[in-house]
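Asks: Quick note on the numbering used here: the sequence shown kicks off at 423 and runs consecutively.
Sharing a structure here in structure tokens format.
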Amino acid sequence: MRIVIVIDSLKMGGAQKLIATFASVASTQQINPVVISLHSEFDASILDSIRLSGVPVMMFPAKSLFDFRRLWRFISFLRKEKYDLIHTHLTYANILGCLAGYYVRIPVIATLHSTGHDQRQFPFYVALLEKLSLRYLAQRILAVGYSIAEAHQNRFGRRIVDVIPNGVPVSIPLELEMRQQLRHEISGNESHLLIVSVGRFVQAKGYEDLLEAFFTLHQQHPRTVLILVGTGRLFDRIKDKASKLGIEDSVFCLGQRNDIPQILSASDIYVSSSHREGLPLAVLEAMMAGLPVVGTAVGDIPRIVSAEIGVIVPPHEPARLADALDTLVSFPEKMRTMGKAARSHAVKEYSLIVWMGRLAAFYNEVLISPKG
Numbered sequence: 423m424r425i426v427i428v429i430d431s432l433k434m435g436g437a438q439k440l441i442a443t444f445a446s447v448a449s450t451q452q453i454n455p456v457v458i459s460l461h462s463e464f465d466a467s468i469l470d471s472i473r474l475s476g477v478p479v480m481m482f483p484a485k486s487l488f489d490f491r492r493l494w495r496f497i498s499f500l501r502k503e504k505y506d507l508i509h510t511h512l513t514y515a516n517i518l519g520c521l522a523g524y525y526v527r528i529p530v531i532a533t534l535h536s537t538g539h540d541q542r543q544f545p546f547y548v549a550l551l552e553k554l555s556l557r558y559l560a561q562r563i564l565a566v567g568y569s570i571a572e573a574h575q576n577r578f579g580r581r582i583v584d585v586i587p588n589g590v591p592v593s594i595p596l597e598l599e600m601r602q603q604l605r606h607e608i609s610g611n612e613s614h615l616l617i618v619s620v621g622r623f624v625q626a627k628g629y630e631d632l633l634e635a636f637f638t639l640h641q642q643h644p645r646t647v648l649i650l651v652g653t654g655r656l657f658d659r660i661k662d663k664a665s666k667l668g669i670e671d672s673v674f675c676l677g678q679r680n681d682i683p684q685i686l687s688a689s690d691i692y693v694s695s696s697h698r699e700g701l702p703l704a705v706l707e708a709m710m711a712g713l714p715v716v717g718t719a720v721g722d723i724p725r726i727v728s729a730e731i732g733v734i735v736p737p738h739e740p741a742r743l744a745d746a747l748d749t750l751v752s753f754p755e756k757m758r759t760m761g762k763a764a765r766s767h768a769v770k771e772y773s774l775i776v777w778m779g780r781l782a783a784f785y786n787e788v789l790i791s792p793k794g
């Protein structure tokens, strides 16, 4: 099966990481993909990962969405190469993929990666054009989480929004010596209890709430440390707030890292303080690493984090977040039991093998009966 994967750009992000993951396992289902980026900028680790999987990458940049020369180049490429399916990711790719697919009569699967708040960054006519493209030109509309499908359902009238939850690699636990070494490198003391969160430093991640919660927790449990992995426009603001709270020696902002699976494996608890989410890959990766999860009741987090796996609290409530973390820190055996349950559930429901099998079955279904 020959598939064209189209995405807005290959800059670092959840959708881009998903494409890189897809490239690494596509051959297990006899899928032969090519990746097309609509932007010339890219994250080197994403691009290298895709190419190391043997998947070709092409760049189709343009100055604006309405550069019809790019659309014609794309159409010419599709006519020449004879692909079976087009699978699009993110707004511009959804629009151009639907237009090109309709013109050359190749079925298009358009993917939704968020609950829609990112639409605010686009002019209204871009969001409207995406809505019309998906509603009338896409053969199927696919969401990567149930909350995402629910958030978008009204945009597409009677069209069905299918759901295939994201998948993540089955991580290999670190050997004890390597785990202790990494814990020491991160916090300066391997005996610290590491609470970790991975994500962009933006308002939606609720990191200021998390700092307030950690301030309260740290007063009761001085050996706890907070590890924040990622970058973003609020990076300096979060570091400044940690200093103002007097916890700067126990909060480590690591920036962008390429060893996130290892950091998760070296940690003890995962926390998500988000104000809004879809289906966060970072939570799935943490579960796969065997970490119990404390998360806010947004997006698909309550759906994937059961009472056996972690604790769910309302967003915007640092005191409740602190209490939830305290229930795990105070009872290490409970923390370990939840971590084992988290990994078991993640392997069963969210491994790459499971995800890729569902996706391949969906592709075949679209080829047999395109319109959903």
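We put the beta carbon where it would ideally sit given N, CA and C, even for glycine.
Could you give the DSSP three-state label for D430: helix, strand or coil?
Replies: Coil.
Asks: Would H509 be called buried (16 or more neighbouring beta carbons within 10 Å of its own) or exposed?
Replies: Buried.
Asks: What's the gap between the Cα of H511 and the Cα of S471?
Replies: Going from the Cα of H511 to the Cα of S471 covers about 18 Å.
Asks: Would you kindly work out how many angstroms separate the C-alpha atoms of V583 and I563, rounded to a whole number?
Replies: Near 5 Å, if we compare the C-alpha coordinates of I563 and V583.
Asks: Distance check for R577 and Y558, CA to CA, integer angstroms please.
Replies: Looking at the two C-alpha atoms, the distance is approximately 11 Å.
Asks: Among residues of its own chain, excluding the 5 on either side of G628, which ones have a beta-carbon nearer than 6 Å to its beta-carbon?
Replies: Excluding residues within five positions, the ones whose Cβ falls inside 6 Å are S695, S696 and H697.
Asks: Measure the alpha-carbon distance for L460 versus S791 and round it to whole angstroms.
Replies: One C-alpha to the other measures close to 29 Å.
Asks: Per DSSP, R780 forms a beta bridge with which residues?
Replies: Bridge partners of R780: none, in fact.
Asks: Between the Cα of G621 and the Cα atoms of V590, G677, Q575 and K485, which residue gives the shortest distance?
Replies: Selected option, being the one with the closest Cα: G677.
Asks: By how many angstroms is the C-alpha of E612 removed from the C-alpha of Y568?
Replies: Answer to the nearest angstrom: the Cα atoms are 38 Å apart.
Asks: On a CA-only basis, which of I685, V720, K661 and R581 is nearest L701? Give me that one, please.
Replies: Comparing Cα-Cα distances from L701 to each of I685, V720, K661 and R581, the minimum goes to V720.
Asks: Could you tell me which residues DSSP pairs with P455 in its beta bridges?
Replies: DSSP lists I425 as partners of P455.
Asks: When the Cα atoms are used, what is the spatial distance from F482 to P736?
Replies: Cα to Cα, F482 sits roughly 42 Å from P736.
Asks: Residue range of the alpha helix (DSSP H) that T646 falls in?
Replies: Per DSSP, T646 belongs to no alpha helix (DSSP H); it is in the beta strand (DSSP E), T646 to V651.
Asks: With a Cβ-Cβ cutoff of 8 Å, do M778 and T450 count as a contact?
Replies: It is a contact, given that the beta carbons lie within the stated cut-off.
Asks: Can you tell me whether DSSP reads S694 as helix, strand or coil?
Replies: Residue state, collapsed to three classes: strand.
Asks: Hey, out of A522, F464 and H767, whose CA is closest to V426's CA?
Replies: Minimum Cα distance to V426 is reached at A522.
Asks: If you compare alpha carbons, which of R473, Q452, S462 and R424 is closest to I441?
Replies: Out of R473, Q452, S462 and R424, R473 has the C-alpha closest to the C-alpha of I441.
Asks: Would you tell me roughly how many angstroms separate the C-alpha atoms of G538 and E503, rounded to the nearest one?
Replies: The straight-line gap from Cα to Cα measures roughly 33 Å.
Asks: In chain order, what residues of the same chain lie with their CB nearer than 6 Å to the CB of L774, ignoring the 5 residues before and after it?
Replies: Cβ within range, chain order: V447, G589 and P591.
Asks: Would you mind sorting K439 into buried or exposed? The rule is 16 or more other CB atoms within 10 Å of its CB.
Replies: It counts as buried.
Asks: Taking the alpha helix (DSSP H) that L676 belongs to, which residues open and close that run?
Replies: L676 -> not in any alpha helix (DSSP H); beta strand (DSSP E) instead, spanning V673 to G677.
Asks: Looking only at its chain, what residues have a beta carbon closer than 6 Å to the beta carbon of G519, apart from the 5 residues adjacent to it on each side?
Replies: Correct list, in chain order: V428, I508, T510 and V530.
Asks: Does any residue of chain C have a CB that is nearer than 8 Å to the CB of A532?
Replies: Judged by its chain identifiers, the structure shown contains no chain C, having just a single protein chain.
Asks: Where does I734 sit, in a helix, a strand or coil, going by DSSP?
Replies: Here I734 sits in strand by DSSP.
Asks: Among the residues of its own chain, which have a CB less than 8 Å from the CB of L703, if the five just before and after it don't count?
Replies: Taken in chain order, the residues that qualify are G436, K439, L440, N588 and V590.
Asks: I'd like to know whether the C-beta atoms of F674 and V647 end up nearer to each other than 8 Å.
Replies: Cβ atoms of F674 and V647: closer than 8 Å.
Asks: Note down the Cα distance separating S462 from G610, rounded to an integer number of angstroms.
Replies: The straight-line gap from Cα to Cα measures roughly 40 Å.
Asks: Whose C-alpha, out of M423, G712 and R655, is nearest the C-alpha of G761?
Replies: Nearest option by C-alpha distance: G712.
Asks: From this set, R679, Q642, D681 and D631, which residue's C-alpha is nearest R659's C-alpha?
Replies: Per the Cα distances, D631.
Asks: Given a threshold of 16 other Cβ atoms within 10 Å of its Cβ, counted over all protein chains shown, does P740 qualify as buried or as exposed?
Replies: Buried, because 16 or more other Cβ atoms sit within 10 Å of the Cβ of P740.
Asks: Taking only three categories from DSSP, how would you classify I790?
Replies: Residue state, collapsed to three classes: helix.
Asks: What three-state label does DSSP hand V751 in the structure shown?
Replies: If DSSP states are grouped into helix, strand and coil, V751 belongs with the helices.
Asks: Go through the region 511-545 residue by residue and report every complete run of the alpha helix (DSSP H) that reaches 4 residues or more, in order.
Replies: Here the runs fully enclosed are 513-526.
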